[in-house]
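Data block below; observations after.
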Amino acid sequence: MAEAAAVAHDDHHYTSTGLNSWKLGFWTLIGSECLFFGTLISTYMVYKGQSIVGPFSGEIFDIPLTTVSTFVLLMSSLAMVLALDGVQRGSRKLSMIWLGVVILLGATFLGFQVYEFSHFYHEGLGLDTNLLGSSFYVLTGFHGTHVFFGVVWLTTLWVMSARGKLPPSKALNVEIAGLYWHFVDIVWIVIFVLVYLIQ
Amino acid sequence: MSSHADAHGHGEGGHASVGFYWAIGGILAVLTALEVAAYYMELGAVEVPLLLGLSLAKFVIVVMFFMHLKFDSKLFTGVFLAGMVLAIFMVSALMLLYHVVPGLGVGA
Amino acid sequence: MSVATDTAAAPHTAHHGEPTGLWSWITTVDHKRIGVMYFLTSVFFLLVGGLEALLIRIQLFKPENDFISAELYNQLFTMHGTTMIFLVAMPMAVAFFNYVVPLQIGARDVAFPRLNALSYWIYLFGGLYLNASWFVGAAPNTSWVGYANLTSTQFSPGLNVDFWVLGLSILGVSSIMGGVNFITTIINLRAPGMKLMRMPLFTWMTFVTSFLLITALPVIAVALIMLAFDRFFSANFFNVAAGGDPVLWQHLFWIFGHPEVYILVLPAFGVISDVIPAFSRKPLFGYPVVVYAGVLIGFIGWGVWSHHMFTSGLGPIADSFFVATTMIIAIPTGVKIFNWMATMWGGAIRFTTAMNFAIGLVALFTVGGLSGVMHASAPVDLQQHDSYFVVAHFHYVIVGGILLGMFSGLYYWFPKVTGRYMSEKLGAWHFWSTLIGFNLTFFPMHFSGMFGMPRRTWTYQSELGVEFYNQLSTIGGFMLGVSTLIMLYNVIKSARSGAPAGSNPWGAPTLEWSIPSPPHHYNFPSLPEVRSREPMWHDAEREAIEAVTLAEPESEPVMPGPSFWPIVVASGVTATWALVMTGVWWVPLIGLAYTTFGVFMWAFEDPFKHLKSSH
Ligand code: HEM
Ligand SMILES: [Cu+2]
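Chains as they are written, first to last, in the working numbering: chain A, 98 to 296; chain B, 64 to 171; chain C, 469 to 1083.
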């Protein structure tokens, strides 16, 4: 009888590929998200240079500023892999430090975005001003929303870690949050070049 | 600390060493610097392909090493690429339809 | 509750250990119950959409009729189309995904049971929200394709389009999550030996459809978001005065829209690819070809969308490209039709109701495919576009193809779900009234369309000479209404008093027929090992499998417990979207806060807590 129960329990963890379902499902979701951002980016690209009235992108984009925020987000991805490494090793100290760094960098990126949005707004670019306003704010805004959710998610993990509830056996939680975070980063890599650098 | 310093040093979860991650981070930073430099240098016709190439490199590096696709099951790559390929297809098709085909001068 | 009992002496009935009552359905995470709820809900919406259609048909019965007003007519055909596509055809297929796929691959549930429940509740709430528009007298009225810039606040100032744009985006969330769930389930939860190329065709088509769901739905979601930004926050995406291009909406809609038609039809193809072999007593002819054709259709389906836009002036280069791809996609479709026919060829065919519906699908879908290839040619389409000819085309593929496939599946799997057969006598009535009513309704539309009757128009002049055809259509429409009621009666009656069915009432070949009817809530006491494509048709293999699947386990397998949080999160998502309607940016945040609360409770809920309390 004990054996039967053990079999049943094993069955529960059985997968045909040996892969973890959460991770597989999450990669699938990322595939789906590619289309979500793909559509937003398509729209931006179709409307690029089609605004009838200003301000136009060349007049208001601040490349040095965005370079800094891009760099911040990129480095947060580095911190993310280090955080995962810390959790996998069971080092609470490293986990908390690096998760904390990711959170801080993510928040910094958001800060830059808030600054950028309000700056553009004062330059006369509203959501309803022209095609640039609509397509730019909605694309980067949805990206920012993703960053925001990432920060909330990672903060939750940080709190768990602080309470000692993030042992190596739960590294998968961090790994999946990490996949999300890196995905948001690669979307920004694309946005940075297509929206900011190629005008 | 796991002792491997190269890309092939992967355990079951496929994680490389800390030093390796820092190196990748460094490469990404350099590539970003190159992008911005290319932007300011106004290289004419090569600028756009160059920028696209550089960002593609960053993209691939993050996906392969930070997201571990290089070390992980091909199935993860598969479900990711299913979406990614269609997304690239869609962006390119719409760009063609809006910015290239109308300019071909065939009366519509 | 699915507590593992330690007493082997407890009586083992099919429903052993399963909770009952309303609360158990609200909190269920069992894929079979969710499947049943999906099915019942989609039938409910079928009745709603059918009623709308009949009102349309009454209005069109004679020229210059004024049975209903033009405004109401617009709402009726818009809600009819939107309901039938998003609230009937898609979720009815998902009902079968839910019930059947885990059983076919030898799994105890889907990969993410709670997420599955969430998909269902969002579907239900989204559908109710969309239909709530009737009660404020502002049902959507700009057609199921909602072309810009008719949908702008300038031309559609009322709440109508608000309901549409928000309702559809809610439903999109449900579909995407469903897609993720089924992809993961099919890749990861197959029983030992169930290789990809041994999977039943229905599972295969679910797999392909799921990929289409996760890739096509985000496109329409973004298009809807942009429209919502235009309407609520004065963005310019489709605002011509600011340089916006309404044709972009058409592109995005159809980049989603054409894959969507394959989202709709592939599950039906899957159903009959299982039904036809079962009732021909022959393995599916050319199994790998049918699989690859399905995959190919899913793929090419992404490259044909502009055949819906031949009249919007994309120019000869683009038109030619899309003419070519559209004609090419007919090839794998045709291949499947030949495979079904070859399967029946020389088989010992049993004409059950399920089989009749499957054969009906093959015939009627072919008609729709042919008219499709006709207007795949751009010059021809210039004549036929937006006429009743197109209406005939897509009803042949959607009703003749999809709905018949779903009915076939209903008769086929009903004994598995309930342990009882559906009445074959009522089934015959259902089938023949559907077949006759359907052709009477839609075949004449080819002619009214050719004579120049435009679609989505409130009425017509008698000089057009289409009155006769319209009368036929209306009579046929009412026959279809009657046939639906027959089906409903059959379902209710058979569920109560149908003849009892055993574990494999049809002598069918696939794994779902190896377990008791109805199945235990854990489906498989322990996982069977599969060695072929038709495990139940090879005696040695069948016996080995049934020794496992029909056995009473000493202790029940561990299953995740019920959860209240899916319905909480679903109501939160719906509320968040619905509150956007207020047009005040911070109001939806209230809904978001509530949703976030639900998500956190969910995340920290232990699905197995029900086990711990009993130890
Ligand atoms: C042989 C395969 C098919 C071909 C070649 C084909 C071709 C076409 C074309 C060219 C149109 C545009 C006609 C117009 O608006 O002027 C069209 C419309 C349509 N087709 Fe198909 N089709 C095929 C299969 C299907 C299938 C399988 C479905 C659904 C399951 C479907 C559903 C529709 C719908 C709903 C519309 C009308 C959309 C609207 O304007 O509201 N088609 N088809
Ligand atoms: Cu189409």
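Yeah, the Cβ is synthetic: ideal placement off N, Cα and C, and Gly gets one too. All figures in this text were calculated on a predicted structure; none of them were measured in a lab.
For ligand 1, I want to know if residue i counts as a neighbour, meaning its beta carbon is within less than 7 Å of at least one of the ligand's heavy atoms.
i: C:D630; result: no
i: C:I688; result: no
i: C:T794; result: yes
i: C:I797; result: yes
i: C:V830; result: no
i: C:G781; result: no
i: C:V613; result: yes
i: C:D787; result: no
i: C:H914; result: no
Would residue i count as contacting chain C if we go by Cβ distances under 8 Å?
i: A:A105; result: Only weak support is given to the placement of A:A105: the predicted model assigns it a pLDDT of 38, under 50, and the value that follows is read from those uncertain coordinates. Yes, A:A105 lies at the interface with chain C (some Cβ there is under 8 Å from its Cβ).
i: A:I283; result: no
i: B:L167; result: yes
i: A:S148; result: yes
i: B:L144; result: no
i: B:V164; result: yes
i: B:L157; result: yes
i: B:I151; result: no
i: A:S231; result: yes
Output yes if chain B places a C-beta closer than 8 Å to the C-beta of residue i; else output no.
i: C:V1041; result: no
i: A:I157; result: no
i: C:L782; result: yes
i: C:H1078; result: no
i: A:V178; result: yes
i: A:S174; result: yes
Answer yes or no: do residue i and residue j have a C-beta to C-beta separation smaller than 8 Å?
i: C:A786; j: B:L160; result: yes
i: C:A691; j: C:F721; result: yes
i: C:T811; j: C:F899; result: no
i: C:L1018; j: C:S971; result: yes
i: C:V1037; j: C:V1067; result: yes
i: C:I1035; j: C:I494; result: yes
i: C:T801; j: C:G769; result: no
i: C:A563; j: C:F507; result: yes
i: C:S901; j: C:S951; result: yes
i: C:E486; j: C:H989; result: yes
i: C:V858; j: C:Q852; result: yes
i: B:L149; j: A:L132; result: yes
Say whether chain A places a C-beta atom closer than 8 Å to the C-beta of residue i.
i: B:A86; result: no
i: B:F139; result: yes
i: C:M1069; result: no
i: C:I682; result: yes
i: B:A154; result: The amino acid at residue 154 of chain B is misidentified as Ala; the sequence shows Val. Taking Cβ atoms only, chain A reaches closer than 8 Å to B:V154, which makes this a yes.
i: C:P977; result: no
i: C:M874; result: no
i: B:E98; result: yes
i: C:P756; result: no
i: C:R999; result: no
i: C:R658; result: yes
Name the one or two DSSP bridge partners that residue i has.
i: C:S855; result: C:P922
i: C:R888; result: C:P968
What are the start and end residues of the alpha helix (DSSP H) that includes residue i?
i: C:L515; result: H499 to Q527
i: C:R582; result: P581 to A600
i: C:W808; result: P784 to M812
i: C:D1007; result: D1007 to T1017
i: C:H719; result: P714 to S748
i: A:H243; result: L228 to A259
i: C:P1034; result: W1033 to V1048
i: A:R191; result: Just to set this straight, residue 191 of chain A is Leu in the shown sequence, not Arg. Note, A:L191: alpha helix (DSSP H), R189 to H219.
i: C:E539; result: A538 to T550
With a threshold of 7 Å (Cβ to nearest heavy atom), would residue i be considered close to ligand 2?
i: C:V772; result: yes
i: C:H775; result: yes
i: C:V729; result: yes
i: C:H726; result: yes
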